[in-house]
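Working notes, structure below.
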Amino acid sequence: MNKILLIIQREYLSRVKKKSFIVMTLLTPVIFAGFYGMMIYFSIQGIKGSSNKIAVVNANKTLTEKLISTNNATYTYVNKPLPQMKAELATSGYDYVLYLPDFSLDDPSGIQLLGKKQAGLTLNNKVADDVENAIRNQKLKQSGLAQKDLDNLKSSVDIDMKKIGDTGKEEDSSAGASTIIAYVGGILMFMFILLYGIQVMRGVIEEKTNRIIEVMISSVKPFQLMMGKIIGIALVGLTQFILWIVLTGIISTAVVKIYADKSMAQSAVSTALKKQNENKIIKEATEKSPIGNIQKSLANLDVTKIITLFLFFFLGGYLFYSALYAAIGSAVDSETETQQFMFPVMMPLLLGYTLSLSVVTNDPYGNMAFWLSMIPFTSPIAMMVRLPYGVPDWQLALSMALLILGFIGTVWVASRIYRVGILMYGKKTSFKEMIKWFTYKN
Numbered sequence: 001m002n003k004i005l006l007i008i009q010r011e012y013l014s015r016v017k018k019k020s021f022i023v024m025t026l027l028t029p030v031i032f033a034g035f036y037g038m039m040i041y042f043s044i045q046g047i048k049g050s051s052n053k054i055a056v057v058n059a060n061k062t063l064t065e066k067l068i069s070t071n072n073a074t075y076t077y078v079n080k081p082l083p084q085m086k087a088e089l090a091t092s093g094y095d096y097v098l099y100l101p102d103f104s105l106d107d108p109s110g111i112q113l114l115g116k117k118q119a120g121l122t123l124n125n126k127v128a129d130d131v132e133n134a135i136r137n138q139k140l141k142q143s144g145l146a147q148k149d150l151d152n153l154k155s156s157v158d159i160d161m162k163k164i165g166d167t168g169k170e171e172d173s174s175a176g177a178s179t180i181i182a183y184v185g186g187i188l189m190f191m192f193i194l195l196y197g198i199q200v201m202r203g204v205i206e207e208k209t210n211r212i213i214e215v216m217i218s219s220v221k222p223f224q225l226m227m228g229k230i231i232g233i234a235l236v237g238l239t240q241f242i243l244w245i246v247l248t249g250i251i252s253t254a255v256v257k258i259y260a261d262k263s264m265a266q267s268a269v270s271t272a273l274k275k276q277n278e279n280k281i282i283k284e285a286t287e288k289s290p291i292g293n294i295q296k297s298l299a300n301l302d303v304t305k306i307i308t309l310f311l312f313f314f315l316g317g318y319l320f321y322s323a324l325y326a327a328i329g330s331a332v333d334s335e336t337e338t339q340q341f342m343f344p345v346m347m348p349l350l351l352g353y354t355l356s357l358s359v360v361t362n363d364p365y366g367n368m369a370f371w372l373s374m375i376p377f378t379s380p381i382a383m384m385v386r387l388p389y390g391v392p393d394w395q396l397a398l399s400m401a402l403l404i405l406g407f408i409g410t411v412w413v414a415s416r417i418y419r420v421g422i423l424m425y426g427k428k429t430s431f432k433e434m435i436k437w438f439t440y441k442n
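With UniProt numbering, letter number 167 in the sequence shown gets 167, and the count goes up by one each step, no holes.
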């Protein structure tokens, strides 16, 4: 045990003392805080998209309903033929020309959007929707409905989402907030497992190629060496993650305060003509913004539980995969030879990442989500994605138990390959050869 602790200490200190570790640990929270600050700023100020000036050439004798301009598309009807507008488009001050031919309202066809530059998909869909609305309003008016009746047909629906807790009490809920946390948790889990698992593999390859491993094996057993390296690098990742949480929290709080005191106070107080209390206006402006809605939903989530479980599944997932990466590192002589072995190991992790951010976020309580969060190959990511939506305690306990058993199994398999592979040099390794190593007697 003392030898494993010495290896853990060596792996840990050799990495946390590097300048790259210190720089990235300090820089990453600043990037996260800056991104969070930009989200708050744009949610309050509003993202002002560029407005496209569109000249409408209406050759349709039936469609008299006008297209309604918005912030993204300003429509101006011109009394010029299409060929002339196409020729003058570059100097006319318009971005596009919308041509409405003489079609039947029941079968609109031949509509064209012309411009010197290719219209984006969003603008194309926006113009199509506006034309559809104009045709719909035209048909409704022809059926005898007045403008007042048309306005009454439109309703704006805002659903206030509630979640019934275990005690039967209603709690504020937000699919948006849960989805954001799920995405962030899944991405971080995938990134950490992949990053630190590959570090284990590279460390084994480096020691093997430098022949340091031969000296170390004379003093410690291969299993002790592998476990010391895996746990040491795991502690490096854990240290970095905890520092990121602390530093991100401190910097994010400062960023929020700066934006709240300056940007939000100025715009909100100016709008209210300074008749209300500044602190009250800032609070109202924050609560009505998208970020405010997310923060309100976060207040009802057990963030401490989510972070604690993240640490568990990070360590479990890392230990599960890093044992396989250590076996790969011991089987090759250089990093260029690892590709054929890394792909089968990365596939379950990549599959879990892809399905978790697509299937699980859409149906966190379905059968697919359940099995993805139980199988050790995919559970670290899938369970983190499911957590913000709420997971029964028995499923959580089962997933954790299966992950622990999976780690023990992969360590046992990897150690049998590792003990032979670290002393093999100059021989092209294959899966068939690794299976032979696995079956060797002590």
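For every residue, glycine included, the Cβ atom is placed at its ideal position computed from N, Cα and C. Given the structure is predicted, the values throughout are model-derived calculations rather than measurements.
- By the criterion of at least three beta-carbon pairs nearer than 8 Å, the region 200 to 209 is in contact with the region 320 to 329.
- By the neighbour-count criterion, in which 16 or more other beta carbons inside 10 Å mark a residue as buried, A414 falls on the buried side.
- Selection W371, V359, L235, A254 evaluated against G316 yields L235 as nearest (Cα-Cα).
- DSSP places Q118 outside both helix and strand once states are collapsed to three, so it counts as coil.
- A contact between stretches requires three or more CB pairs, one per stretch, nearer than 8 Å, and the region 390 to 404 fails this requirement with the region 416 to 426.
- The straight-line gap separating the alpha-carbon atoms of G406 and R136 is approximately 59 Å.
- Here Y321 really is in contact with V345; their C-beta atoms are around 7 Å apart, less than 8 Å.
- A direct Cα-to-Cα measurement between L194 and Q339 gives close to 14 Å.
- Within the region 58 to 146, the runs of alpha helix (DSSP H) that reach at least 4 residues and sit entirely inside it are, in chain order, 82 to 92, 121 to 142.
- In the three-state reduction of the DSSP assignment, I375 falls in the coil class.
- Take D130, set aside five residues on each side of it, and the residues of its chain with a beta-carbon closer than 6 Å to its own are L67, in chain order.
- Per DSSP, S322 is one residue of the alpha helix (DSSP H) stretching across 303 to 331.
- Residue pairing by DSSP places V56 opposite Y77, L98 in a beta bridge.
- With fewer than 16 other Cβ atoms inside 10 Å of its own Cβ, V246 counts as exposed.
- Our two residues, M191 and P364, have alpha carbons roughly 22 Å apart in a direct line.
- Counting along the chain, M342 sits inside the alpha helix (DSSP H) bounded by residues 339 to 355.
- Distance from the CA of S69 to the CA of M38, rounded to the nearest whole angstrom, comes to 29 Å.
- Taking one beta carbon from each stretch, the region 331 to 338 and the region 237 to 244 have fewer than 3 pairs nearer than 8 Å; the two do not touch.
- Using a 10 angstroms sphere on the CB of P376, the tally of other CB atoms reaches 16 or more, which defines it as buried.
- Annotated three-state conformation of S415 is helix, per DSSP.
- Taking one beta carbon from each stretch, the region 77 to 88 and the region 51 to 65 have 3 or more pairs nearer than 8 Å; the two touch.
- The continuous alpha helix (DSSP H) containing V16 extends over residues 2 to 16.
- Per the coordinates, the alpha-carbon of L63 lies some 24 Å from the alpha-carbon of A119.
- Comparing alpha carbon positions, the residue from W437, K208, N60, F21 closest to Q138 is N60.
- Taking C-beta atoms under 8 Å as the contact rule, I111 and Y99 qualify, at a distance of about 7 Å.
- The C-beta distance from F313 to M383 rounds to 6 Å, short enough to fall under 8 Å.
- Cβ-Cβ separation between G186 and F310: approximately 11 Å, too far for a contact (criterion under 8 Å).
- When DSSP states are grouped into helix, strand and coil, I422 belongs to the coil group.
- Selection I242, M189, S104 evaluated against L350 yields M189 as nearest (Cα-Cα).
- Assigned with DSSP and collapsed to three states, N367 falls in helix.
- Cα atoms of N362 and I306: separation of roughly 20 Å, rounded to the nearest angstrom.
- Take K86, set aside five residues on each side of it, and the residues of its chain with a beta-carbon closer than 8 Å to its own are V97, L114, in chain order.
- Taking the Cβ atoms as the reference, W371 lies roughly 33 Å from T28, outside the contact range of under 8 Å.
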